[in-house]
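For the sequence shown, numbering that gives the first Met the number 0 assigns the number 0 to the initial residue and increments by one for each residue that follows.
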Amino acid sequence: MIFLLLLFHLTPFSADRVEIIKEDNESIVHLVGNVVFEDTVTRITCREAHLYESRNYVLLQGDVDISDKNGVIQSSSARYDFKERKGYLSGGVSLETKNDELIHSDSLYYDGAAGLIEFFGEIKLEDRKNDLIGYGNRGAYDLKNDEGYLLGEPRLEILREEKEPIKINAREFRLDSGDNLFQGIDSVVTIIDSITVYCDTMYYNLKEHSGRMVKPCVFEKKNELYGETGEFRMKSQKLDFFSVENGWSKYYTEEGTKNVVEGERIRILFKEDRASKIIVEGKPKGVLTLRAEEDAVD
0 MIFLLLLFHL TPFSADRVEI IKEDNESIVH LVGNVVFEDT VTRITCREAH LYESRNYVLL
60 QGDVDISDKN GVIQSSSARY DFKERKGYLS GGVSLETKND ELIHSDSLYY DGAAGLIEFF
120 GEIKLEDRKN DLIGYGNRGA YDLKNDEGYL LGEPRLEILR EEKEPIKINA REFRLDSGDN
180 LFQGIDSVVT IIDSITVYCD TMYYNLKEHS GRMVKPCVFE KKNELYGETG EFRMKSQKLD
240 FFSVENGWSK YYTEEGTKNV VEGERIRILF KEDRASKIIV EGKPKGVLTL RAEEDAVD
């Protein structure tokens with residue numbers, strides 16, 4: 000093995016073979032086989048590299064691995080600036096952070112000094128401590144503050160043991176993994192078992208398993224629930240309750256009776272994935288339609 004210490008921003012490197020190439024009056028160091036760059040904060044390995052001394056960057060190819068205080072990034076190719084500690088990686092990019100997140104994307108821009116990343120293409124973000132998976136086509140993440148966002152037809156899945164995940168779509172997601180929170184913005188659609196919820200904005204606490212919504216519209220088979228604001232909570236990975244403020248609801252009993260109620264607060268309690276009780280508070284109003292009466296109208 001050939002080992003060479005280059006005073007290129009005090010970054011030593013090693014490789015199986017080293018060639019010095021002159022190209023357009025510029026010296027290019029070509030490294031092949033078991034390439035390693037390492038200083039006090041960053042370690043880079045790959046199969047092949049071209050080091051451009053006058054431009055302060057290196058082109059990396061084949062099994063690229065960049066490790067520093069923020070985590071480990073892997074890709075098939077990359078361009079990295081040693082002075083700025085910035086890089087652009089492409090081809091099967093994966094980033095494992097110190098905060099137990101795993102991010103996959105087609106390409107990724109990385110600012111190691113600031114701890115910032117932007118990712119592009121087919122994105123998958125796994126927040127393993129919160130059992131949350133995010134998908135999108137564009138996004139960014141602040142590794143120091145453990146927060147970011149997802150765009151490009153993004154969607155989230157909250158994983159549940161032995162049950163389908165809670166699925167959420169929105170125009171944009173703001174992620175705050177450090178505080179176990181996320182926010183869905185604009186045209187939010189949430190599916191929890193047989194229940195579908197449409198709302199303008201949704202806030203969810205992954206630690207408390209509870210959500211808040213703006214202008215929720217809730218549908219479950221023929222049952223409907225509307226309100227200016229709303230909230231729900233999960234318990235043992237099942238829906239515990241759903242409530243709305245200044246709301247209106249239409250629901251059917253098992254006997255086929257239709258009920259229409261409204262009030263300042265409507266609260267629906269669940270048991271074994273089914274609504275078991277409805278409570279209307281604050282100027283409650285209601286209309287009861289027996290099944291025979293409804294059939295006669297039809």
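No residue lacks a Cβ here, since even glycine has one placed at the ideal position from N, Cα and C.
Because the structure is a prediction, the values reported are computed rather than measured.
key: Other residues of its chain near residue 18: CB distance less than 6 Å, five sequence neighbours each side excluded   = Around residue 18, the same chain offers 29 as residues with beta carbons nearer than 6 Å, after the five sequence neighbours per side are excluded.
inquiry  = Please report the distance separating the alpha-carbon of residue 175 from that of residue 256.
reply    = Rounded to the nearest angstrom, the two C-alpha atoms are 44 Å apart.
key: Buried or exposed (CB count within 10 angstroms, at least 16 for buried), residue 281   = Exposed.
inquiry  = At 3 residues or longer, what runs of the beta strand (DSSP E) sit wholly inside the stretch 182-241?
reply    = Runs of beta strand (DSSP E) with 3 or more residues, each lying fully within the stretch 182-241, are found at 194-204, 209-213, 216-219, 222-225 and 228-234, listed in chain order.
inquiry  = Closest to residue 250 by C-alpha separation, out of 230, 278, 237 and 263, would be which residue?
reply    = Closest in C-alpha terms to residue 250, from the list 230, 278, 237 and 263, comes 278.
request  = May I ask you to report which of helix, strand or coil DSSP gives residue 151?
outcome  = Three-state DSSP puts residue 151 in coil, outside helix and strand.
ask   = Enumerated in chain order, which unbroken segments of the beta strand (DSSP E) with a length of 3 residues or greater are wholly contained in the stretch 63-139?
value = Those beta strand (DSSP E) runs which fall completely within the stretch 63-139 and span 3+ residues are 70-80, 85-96, 100-110 and 115-126.
task = Let me know the secondary structure DSSP gives residue 52 once reduced to three states.
result = Helix at residue 52.
ask   = Among all the DSSP beta bridges, which residues are the ones paired with residue 57?
value = DSSP output for residue 57 lists 50 and 79 as bridge partner(s).
message = Please tell me whether residue 31 and residue 46 are closer than 9 Å, where the distance is taken between their beta carbons.
response = For residue 31 and residue 46, yes; Cβs fall inside 9 Å.
inquiry  = Starting from residue 274, trace the beta strand (DSSP E) in both directions and tell me its first and last residue.
reply    = Where residue 274 is concerned, the enclosing beta strand (DSSP E) starts and stops at 273-280.
ask   = Between residue 217 and residue 241, which are expected to be in contact by the criterion C-beta below 8 Å, what is the C-beta distance as a whole number of angstroms?
value = Here residue 217 really is in contact with residue 241; their C-beta atoms are around 6 Å apart, less than 8 Å.
inquiry  = Can you give me the C-alpha to C-alpha distance between residue 69 and residue 96, rounded to a whole angstrom?
reply    = Spanning the alpha carbons of residue 69 and residue 96 requires a straight line of approximately 6 Å.
key: Closest Cα partner of residue 14 within the set 239, 238, 228 and 37   = When each option's Cα is compared against that of residue 14, the closest is 37.
key: Nearest to residue 207 (by Cα), restricted to the options 24, 190 and 230   = Comparing Cα-Cα distances from residue 207 to each of 24, 190 and 230, the minimum goes to 230.
request  = Classify residue 177 as helix, strand or coil using the three-state DSSP reduction.
outcome  = In the structure shown, residue 177 adopts helical secondary structure according to DSSP, grouped into three states.
request  = Within the same chain, show all residues whose beta-carbon is closer than 8 Å to that of residue 298, passing over the 5 residues directly before and after it, in chain order.
outcome  = Not covered by the structure: residue 298. The range shown for the chain is 0 to 297.
ask   = What three-state label does DSSP hand residue 141 in the structure shown?
value = Here residue 141 sits in strand by DSSP.
key: Per-residue DSSP class, three states only, for residue 283   = Residue 283 falls in the coil class under three-state DSSP.
ask   = By a C-beta neighbour count over all protein chains shown, 10 Å radius and 16 as the cutoff for buried, is residue 76 buried or exposed?
value = In the assembly as shown, residue 76 is a buried residue. Its beta-carbon has 16 or more other beta-carbons within 10 Å.
query = Using the C-alpha atoms, what's the distance from residue 107 back to residue 244?
reply = Using only the alpha carbons, I get a separation of about 43 Å.
ask   = With a Cβ-Cβ cutoff of 9 Å, do residue 43 and residue 35 count as a contact?
value = Yes.
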